[in-house]
Amino acid sequence: MTNESVKLTARSRTTSGKGAARQLRRSGQLPAVVYGRRDEAESLALDTHELSRLLSRVHAATTVIDLEVDGGEPRPVLIREIQRHPYRPQLLHVDFFEIRADVKIRVSVPLHLLETPAGVEMGGILQHLRHEIEVECLPNEIPSEFTIDVSALEIGDSLQVSDVDTGEVEVLDDDAVTICTVVPPAVEEVEEEEEVEELEEGEAEAEAEAPEAEADEG
1 MTNESVKLTA RSRTTSGKGA ARQLRRSGQL PAVVYGRRDE AESLALDTHE
51 LSRLLSRVHA ATTVIDLEVD GGEPRPVLIR EIQRHPYRPQ LLHVDFFEIR
101 ADVKIRVSVP LHLLETPAGV EMGGILQHLR HEIEVECLPN EIPSEFTIDV
151 SALEIGDSLQ VSDVDTGEVE VLDDDAVTIC TVVPPAVEEV EEEEEVEELE
201 EGEAEAEAEA PEAEADEG
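When we follow my numbering, the leftmost residue of the sequence shown carries the number 1, and every step to the right adds one.
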């Protein structure tokens, strides 16, 4: 399933620096930059709430956005980086990358696991090791996500990149990279440790009782 493009409006800005950026944020605007097809990056400002609503509906890295700057012709872009406040739910800055419809690009597509593995039903633990894979394709071919049915996985089984159905999209990651695996329950190791501890305690008690027995005989 490929993504449909969405729209976003922005305006050009000439101010720069931390002070100007803070002032923009106080007014509900978000500093941004777009680069890719022009000689220099272009500084922008956009509505923070508009972008937040967009991000709540789509996967940022794989969605082509029609970016309209100062009422001009929409320009197809991808979000390349989002800077967020370290401990507050606040957007700080966003980088857009302008693309061409006829030029392939590299993107990281999220992986979504479906169903519950048979091994988990038997007490195993599903380890999801890889959450996205990198592909190269035209902008209108970018998948929104790849889904993987893991219901058949038993304890000890795993899935690799080569097991993902990516259609005609070219995958750049190594086929042998493990995406997920079902491992035995960790409680088995705990039980073994407890058995060792009980054995050691029993040996210690036996050693403590031995001198007492010898003293009684004397």
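Glycine included, C-beta positions come from ideal geometry on N, C-alpha and C.
Check your understanding: Nearest-angstrom Cα distance between Asp173 and Ser27?
Key -> In the sequence shown, counting from the first residue as 1, residue 173 sits at position 173. In the sequence shown, counting from the first residue as 1, residue 27 sits at position 27. Cα to Cα, Asp173 sits roughly 43 Å from Ser27.
Practice item. Please name the residue in Lys7, Glu42 and Arg13 whose C-alpha comes closest to that of Ser52. Key: Your numbering for residue 52 matches position 52 in the sequence shown. Nearest option by C-alpha distance: Lys7.
Check your understanding: Is there at least one non-hydrogen atom of the ligand SAH closer than 6 Å to the beta-carbon of Ile99?
Key -> As far as ligands go, the structure on display features none, and thus does not contain the ligand SAH.
Review point. Could you give the distance in angstroms between the alpha-carbon of Glu145 and the alpha-carbon of Glu81?
Key: Translated into the one-based positions of the sequence shown, residue 145 becomes position 145. Translated into the one-based positions of the sequence shown, residue 81 becomes position 81. Looking at the backbone, the Cα of Glu145 and that of Glu81 are separated by about 19 Å.
Review point. When DSSP builds the beta bridges, which residues end up paired with Pro76?
Key: What you label residue 76 is simply residue 76 of the sequence shown in a count that begins at 1. The bridge partners DSSP lists for Pro76 are Asp66.
Exercise for review: Would you list the one or two residues that DSSP bridges to Leu159?
Suggested key: Numbered from 1 along the sequence shown, position 159 holds the residue referred to as residue 159. DSSP output for Leu159 lists Cys180 as bridge partner(s).
Practice item. Decide if Pro86 is buried, meaning its Cβ has at least 16 other Cβ atoms within 10 Å, or exposed. Key: Counted from its first residue, the sequence shown places residue 86 at position 86. Looking at its Cβ environment, which holds fewer than 16 other Cβ atoms inside 10 Å, Pro86 is exposed.
Check your understanding: Which whole-angstrom value is the C-beta distance of Val77 and Leu67, which I expect to be below 8 Å?
Key -> Reading the sequence shown from its first residue, position 77 is the one you call residue 77. Reading the sequence shown from its first residue, position 67 is the one you call residue 67. Confirmed, about 5 Å.
Review point. So with Cβ pairs under 7 Å, would you call Ala45 a contact of chain D?
Key: No chain D appears in the structure shown, which is made up of a single protein chain.
Review point. Under the rule that 16 or more other beta-carbon atoms within 10 Å means buried, what is Gly72, buried or exposed?
Key: Within the sequence shown, residue 72 is the residue found at index 72, counting from 1. Answer is exposed; the Cβ neighbour count stays below 16.
Review point. Considering only C-alpha positions, which residue in the set Val164, Leu24, Glu141 and Glu50 is nearest to Val103?
Key: By 1-based counting over the sequence shown, the position of residue 103 is 103. The shortest Cα separation from Val103 among Val164, Leu24, Glu141 and Glu50 belongs to Glu141.
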